[in-house]
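Heads up: the structure comes next, in structure tokens.
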Amino acid sequence: MNQNLLMLLFQTQTTTETITNSLDRYYNEFLSSLPRIALAIFIIVAGILIAQLITNIYKKRILQKASDPLMARFLAQAIKFTLISIAIMLGLKAAGLDGVATGLLTAVGGGAIVLGFAFQDIGKNFLAGIILAFNRPFDINDTIMIDTHFGKVRALNFRYTHIKTSDGRDIFIPNSDVLTKPVQNYTADGFFRNDFVVGIGYEDNISEVKEIIYNILDNHEGIVQDEEHKNFVIEEELSASTINLKVFFWVNTLDYRVASRVLRGIVIKKVIEALIEAKFILPGNITEIKLYGGQEDLPLKLKKDPADRELDKIERAENKS
Numbered sequence: 001m002n003q004n005l006l007m008l009l010f011q012t013q014t015t016t017e018t019i020t021n022s023l024d025r026y027y028n029e030f031l032s033s034l035p036r037i038a039l040a041i042f043i044i045v046a047g048i049l050i051a052q053l054i055t056n057i058y059k060k061r062i063l064q065k066a067s068d069p070l071m072a073r074f075l076a077q078a079i080k081f082t083l084i085s086i087a088i089m090l091g092l093k094a095a096g097l098d099g100v101a102t103g104l105l106t107a108v109g110g111g112a113i114v115l116g117f118a119f120q121d122i123g124k125n126f127l128a129g130i131i132l133a134f135n136r137p138f139d140i141n142d143t144i145m146i147d148t149h150f151g152k153v154r155a156l157n158f159r160y161t162h163i164k165t166s167d168g169r170d171i172f173i174p175n176s177d178v179l180t181k182p183v184q185n186y187t188a189d190g191f192f193r194n195d196f197v198v199g200i201g202y203e204d205n206i207s208e209v210k211e212i213i214y215n216i217l218d219n220h221e222g223i224v225q226d227e228e229h230k231n232f233v234i235e236e237e238l239s240a241s242t243i244n245l246k247v248f249f250w251v252n253t254l255d256y257r258v259a260s261r262v263l264r265g266i267v268i269k270k271v272i273e274a275l276i277e278a279k280f281i282l283p284g285n286i287t288e289i290k291l292y293g294g295q296e297d298l299p300l301k302l303k304k305d306p307a308d309r310e311l312d313k314i315e316r317a318e319n320k321s
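Quick note on numbering: the working numbering labels position 247 of the sequence shown as 247, and the sequence is numbered without any gaps.
Here is the structure:
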């Protein structure tokens with residue numbers, strides 16, 4: 001009995017000594033690794049601050065002179081992300097955690113595959129954003145239409161393209177849609193062709209009408225006329241009551257809203273005023289009433305205005321007198 005008790009006490013003492021020695025060893029290793037951990041923390045924090053500083057300097061100096069602001073902003077985000085990633089990996093290596101760094105890279109790679117299946121849309125938009133950063137059909141402040149969304153380009157981010165509509169709405173379109181759907185750019189080369197229709201009477205002189213319209217197009221401020229951009233007027237349609245002329249003219253699209261809407265309205269107003277002043281007829285639509293089935297007359301009753309009836313009474317009274 002005493003022998004068993006002694007053996008149990010010996011085993012307990014041995015276990016206690018083992019635990020104590022292990023704790024002492026881990027404690028000593030922790031103390032010896034504190035400088036490396038502090039250095040790693042310093043490297044990571046300094047790396048983040050340096051990345052932010054470089055990004056801010058880049059934004060302030062480069063973006064102001066950049067001919068492509070969208071690309072400049074995108075690269076600023078990419079530079080910041082890359083520098084922070086490098087700082088984290090250097091910090092882990094300084095702490096003696098090379099294995100952790102390798103494992104982290106492996107985990108990130110494996111996680112990327114898993115997340116790629118779980119978040120296909122996010123990954124697709126991210127890759128589309130990278131492609132659009134280097135090859136895209138628009139620049140900042142361009143007026144574009146993607147699907148049914150129409151507005152000015154404000155920003156290109158990793159996941160979406162930001163456009164602002166003329167009525168003040170902010171629309172964020174996934175980059176995958178921008179990459180795969182047709183993009184209509186109204187300001188890519190700086191020119192846009194406007195058009196409108198004006199109807200004149202069949203008895204009007206078409207050549208004289210065209211001359212008046214050409215005179216307005218040639219002398220109106222804001223309308224472009226050169227070898228590549230020709231303004232012209234054509235006979236488009238012979239309608240029931242009018243000869244419809246279609247007017248085409250080019251404008252500069254630095255401000256698309258003014259060029260495509262405001263200027264167009266001003267030109268239409270000037271054309272109508274000039275034609276009226278020149279005594280040309282601008283008829284409205286004529287409605288033709290026909291009689292069918294042997295009908296000899298039209299059951300039509302006209303009601304006089306009350307003021308006209310009073311005038312008729314006065315006129316009859318004067319005739320009697």
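C-beta atoms are modelled at their ideal positions from N, C-alpha and C, and glycine is treated no differently.
Remember, predicted model here, so these are calculated numbers, not experimental data.
Measuring CA to CA, which of Leu49, Trp250, Phe280 and Arg36 is closest to Val198?
-> As a working note, residue 198 is residue 198 in the sequence shown. If we check each option's Cα against that of Val198, Phe280 comes out closest.
Contacts around Arg316, its chain only, beta-carbon distance under 7 Å, and the 5 residues preceding and following it disregarded | As a working mapping, residue 316 is identified with position 316 in the sequence shown. Result list for Arg316: empty, nothing under 7 Å.
Where Phe172 falls: helix, strand or coil (DSSP) = Numbered from its first residue, the sequence shown carries residue 172 at position 172. Phe172 falls in the strand class under three-state DSSP.
In DSSP terms, what Gln52 is bridged to | The residue labelled residue 52 in the question sits at position 52 within the sequence shown. According to DSSP, which records beta bridges pairwise, Gln52 is partnered with nothing at all.
For Lys152, count neighbouring C-beta atoms within 10 Å of its own C-beta (all shown protein chains included) and say buried if the count is 16 or more, exposed if not.
-> Position 152 of the sequence shown holds residue 152. Taking all protein chains shown into account, Lys152 has 16 or more neighbouring C-beta atoms within 10 Å of its C-beta and is therefore buried.
Closer than 8 Å by C-beta to Lys313: which residues in its own chain qualify, once you throw out the five before and the five after it? Chain order, please.
-> On the sequence shown, residue 313 is found 313 positions in, with the first residue counted as 1. Correct list: empty, nothing qualifies.
Pull up the distance between the alpha-carbon of Leu132 and that of Phe158, whole angstroms please.
-> Taking the sequence shown and counting its residues from 1, the one referred to as residue 132 is at position 132. Taking the sequence shown and counting its residues from 1, the one referred to as residue 158 is at position 158. If you take the alpha carbons of Leu132 and Phe158, they lie about 9 Å apart.
Assign Ala118 to one of three DSSP states: helix, strand, or coil.
-> Taking the first residue of the sequence shown as position 1, residue 118 is located at position 118. Low confidence applies to Ala118: its pLDDT is 46, below 50, so where it sits in the model is not reliable, and the reading given next is rough at best. The DSSP-derived three-state label of Ala118 is helix.
Going straight from the alpha carbon of Val233 to that of Ser166, what length do you get?
-> Taking the first residue of the sequence shown as position 1, residue 233 is located at position 233. Taking the first residue of the sequence shown as position 1, residue 166 is located at position 166. Approximately 30 Å between the Cα atoms of the pair.
Closer than 8 Å to chain C by CB, Arg136 = Of the protein chains in the structure, only one exists, and it is not chain C.
Pick from Gly129, Lys124, Phe134 and Ile171: whose alpha carbon is nearest that of Ile146?
-> On the sequence shown, position 146 is the one that residue 146 refers to. Considering only alpha carbons, the answer is Ile171.
Thinking C-beta only, is Val267 closer than 8 Å to Phe249?
-> Taking the sequence shown and counting its residues from 1, one reaches residue 249 at position 249. Taking the sequence shown and counting its residues from 1, one reaches residue 267 at position 267. For Phe249 and Val267, yes; Cβs fall inside 8 Å.
Assigned secondary structure, Leu156 (DSSP; H/G/I helix, E/B strand, else coil) = The sequence position of residue 156 within the sequence shown is 156, counting from 1. Strand, per DSSP.
Please work out which residues of its chain come closer than 6 Å, Cβ to Cβ, to Leu217, disregarding the five sequence neighbours upstream and downstream, and give them in chain order.
-> For the purposes of this step, residue 217 is identified with residue 217 of the sequence shown, where counting begins at 1. Excluding residues within five positions, the ones whose Cβ falls inside 6 Å are Ile223, Asn231 and Phe249.
Buried or exposed by the 16-neighbour rule on C-beta atoms within 10 Å, applied to Leu254 = Numbered from 1 along the sequence shown, position 254 holds the residue referred to as residue 254. Exposed: under 16 other Cβ atoms inside 10 Å.
Taking the alpha-carbon positions, what's the Val247 to Ala78 distance?
-> Locating residue 247 in the sequence shown gives position 247, where the first residue counts as 1. Locating residue 78 in the sequence shown gives position 78, where the first residue counts as 1. Val247 and Ala78 have their C-alpha atoms spaced approximately 49 Å apart.
Quick one: measure Cβ to Cβ for Ser176 and Lys124, integer angstroms, because I've assumed they're closer than 8 Å.
-> Here residue 176 refers to the residue found at position 176 of the sequence shown. Here residue 124 refers to the residue found at position 124 of the sequence shown. Between Lys124 and Ser176 the Cβ distance is about 5 Å, and since that is below 8 Å, they are a contact.
Is it right to say Ala118 is buried, meaning 16 or more other beta carbons lie within 10 angstroms of its own, or is it exposed?
-> Counting from one through the sequence shown, the residue named residue 118 turns up at place 118. Only weak support exists for where Ala118 lies, its pLDDT of 46 falling under 50; the value from the coordinates is given anyway. So Ala118 counts as exposed.
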